[in-house]
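Residue numbers (our numbering): 1 to 333.
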């Protein structure tokens with residue numbers, strides 16, 4: 001999925017960090033603390049997130065096969081995603097370009113899609129996920145040079161955002177709030193030996209060439225690997241560094257929605273993901289909601305970058321926790 005620059009281990013409340021290459025003394029911001037009233041119910045009516053629909057949307061993506069750049073699966077899934085956004089958002093933007101992979105020779109077709117809800121509103125929130133899948137199963141023990149299914153890594157975040165868009169279409173947000181849903185391509189065509197900038201190529205391109213000239217948003221929320229079983233969402237390092245208030249507000253929304261068992265109030269590691277170019281290039285404070293299980297050898301779930309990243313490892317309870325948390329956040333914004 002991406003270069004795991006640092007992953008954290010917590011001992012007696014102190015965070016220490018280990019990089020892929022050895023030890024590091026780099027410190028991360030402490031985990032945010034939810035307000036004392038985090039468990040109190042909100043007075044705002046929040047629609048229900050339909051996890052069954054989100055699950056079906058993952059299955060439909062998988063039916064196209066791996067969504068790897070330069071393949072028929074990429075082209076067919078992009079057209080389907082375009083139609084989904086046309087159904088659920090007010091305006092759809094499609095960016096098509098050709099990018100160079102981190103090996104400095106492979107040319108990759110990139111198709112970014114943006115669906116805007118209430119495009120005239122000046123108070124805007126960016127929601128994003130990558131929809132492409134990894135061309136190699138480099139964490140597997142077999143068929144390492146074949147692409148992965150990408151049910152969780154690629155499929156889950158995309159499905160949750162499509163279902164969020166459908167829900168908002170049925171139950172509109174206040175007129176002064178606009179949502180932009182970025183489905184980014186070519187996130188997972190990177191390798192650690194090519195450098196951290198070899199990941200998130202589609203989002204890097206969008207950040208330098210946004211769908212609307214001069215585009216900005218108050219903040220952004222990235223969803224990545226949000227469908228796995230027994231998911232644990234710790235507070236990712238760059239998220240706490242660039243957008244600590246957004247982290248606090250989203251985790252508070254999770255508590256209020258009843259999903260504190262999924263959203264842990266503790267620090268996770270630094271992950272090189274799509275939110276990094278959004279923070280650094282276009283400078284929209286953006287967080288990453290990503291499954292970071294404590295004690296993992298890789299920092300990620302066991303099916304990460306393997307052929308086991310398929311529908312059997314998707315849990316509707318996790319999709320519900322993430323989708324309902326995001327709806328609580330948006331409708332109480």
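From the three backbone atoms N, C-alpha and C, an ideal C-beta is built for every residue, glycine too. Source: prediction; values computed, not measured.
request  = State the CB to CB distance for the pair residue 130 and residue 274, rounded to an integer number of angstroms; the pair is presumed to be in contact (CB under 8 angstroms).
outcome  = Numbered from its first residue, the chain shown carries residue 130 at position 130. Numbered from its first residue, the chain shown carries residue 274 at position 274. Sure, about 6 angstroms apart at Cβ, within 8 angstroms.
task = Grab me the residues of residue 225's own chain with a C-beta within less than 6 angstroms of its C-beta, minus the 5 sequence neighbours each way, in chain order.
result = Counting from one through the chain shown, the residue named residue 225 turns up at place 225. Same-chain partners within the cutoff: 152, 153, 290, 291.
key: Option nearest residue 119 by Cα separation, candidates 186, 179, 261, 321   = Along the chain shown, one-based indexing puts residue 119 at 119. Here the closest residue by C-alpha is 179.
request  = Mind checking which residues open and close the alpha helix (DSSP H) that includes residue 157?
outcome  = As a first step, residue 157 is located in the chain shown; it is residue number 157 there, counting from the start. Unbroken alpha helix (DSSP H) run through residue 157: 157 to 170.
query = Taking residue 205 as the reference, which of 50, 94, 76, 51 has the closest Cα?
reply = Within the chain shown, residue 205 is the residue found at index 205, counting from 1. Residue 94 is the option with its Cα nearest to residue 205.
query = What is the DSSP secondary structure of residue 46, reduced to helix, strand or coil?
reply = Reading the chain shown from its first residue, position 46 is the one you call residue 46. Three-state result, residue 46: coil.
ask   = Should residue 223 be flagged as near chain D, meaning a C-beta pair shorter than 8 angstroms?
value = Structure shown: chain D not included; a single protein chain is present.
ask   = For residue 256, which of helix, strand or coil comes out of DSSP?
value = Taking the first residue of the chain shown as 1, we reach residue 256 at position 256. Helix at residue 256.
task = Spatial neighbours of residue 139 within its chain, please: CB distance less than 8 angstroms, with the 5 preceding and 5 following residues excluded, ordered by chain position.
result = As a first step, residue 139 is located in the chain shown; it is residue number 139 there, counting from the start. Correct list, in chain order: 298, 304, 305, 306.
key: residue 248, DSSP secondary structure in three states   = Indexing the chain shown from 1 puts residue 248 at position 248. In the structure shown, residue 248 adopts helical secondary structure according to DSSP, grouped into three states.
message = Determine whether the beta carbon atoms of residue 88 and residue 165 lie at a separation below 8 angstroms.
response = Residue mapping note: residue 88 aligns to position 88 of the chain shown, counting from 1. Residue mapping note: residue 165 aligns to position 165 of the chain shown, counting from 1. Yes, Cβ-Cβ distance for residue 88 and residue 165 is below 8 angstroms.
key: Anticipated Cβ contact below 8 angstroms, residue 259 with residue 324, distance rounded   = Counted from its first residue, the chain shown places residue 259 at position 259. Counted from its first residue, the chain shown places residue 324 at position 324. With 8 angstroms as the limit, residue 259 and residue 324 qualify as a contact, their Cβ atoms being about 7 angstroms apart.
DSSP-derived helix/strand/coil call for residue 204 = By 1-based counting over the chain shown, the position of residue 204 is 204. When DSSP states are grouped into helix, strand and coil, residue 204 belongs to the helix group.
message = For residue 163, which residues in the same chain have their Cβ closer than 7 angstroms to its Cβ, ignoring the five residues on either side in sequence?
response = For the purposes of this step, residue 163 is identified with residue 163 of the chain shown, where counting begins at 1. Excluding sequence neighbours, residue 163 sits near 49, 50, 53, 54, 57, 323.
key: Residues near residue 334 by beta carbon distance below 6 angstroms, same chain, minus five either side   = Residue 334 is absent from the model: the chain starts at 1 and stops at 333.
task = State buried or exposed for residue 144, treating a residue as buried only when at least 16 other CB atoms are found within 10 Å of its CB.
result = Translated into the one-based positions of the chain shown, residue 144 becomes position 144. Exposed, because fewer than 16 other Cβ atoms sit within 10 Å of the Cβ of residue 144.
ask   = Based on the DSSP output, what are the partners of residue 53 in its beta bridges?
value = The count along the chain shown starts at 1 and reaches residue 53 at position 53. Residue 53 pairs with nothing; no bridge assigned.
inquiry  = So, at 7 angstroms on beta carbons, what are the nonlocal neighbours of residue 176 in its own chain, with the 5 sequence-adjacent residues on each side left out?
reply    = Within the chain shown, the letter at position 176 stands for residue 176. Contacts found: 121, 123.
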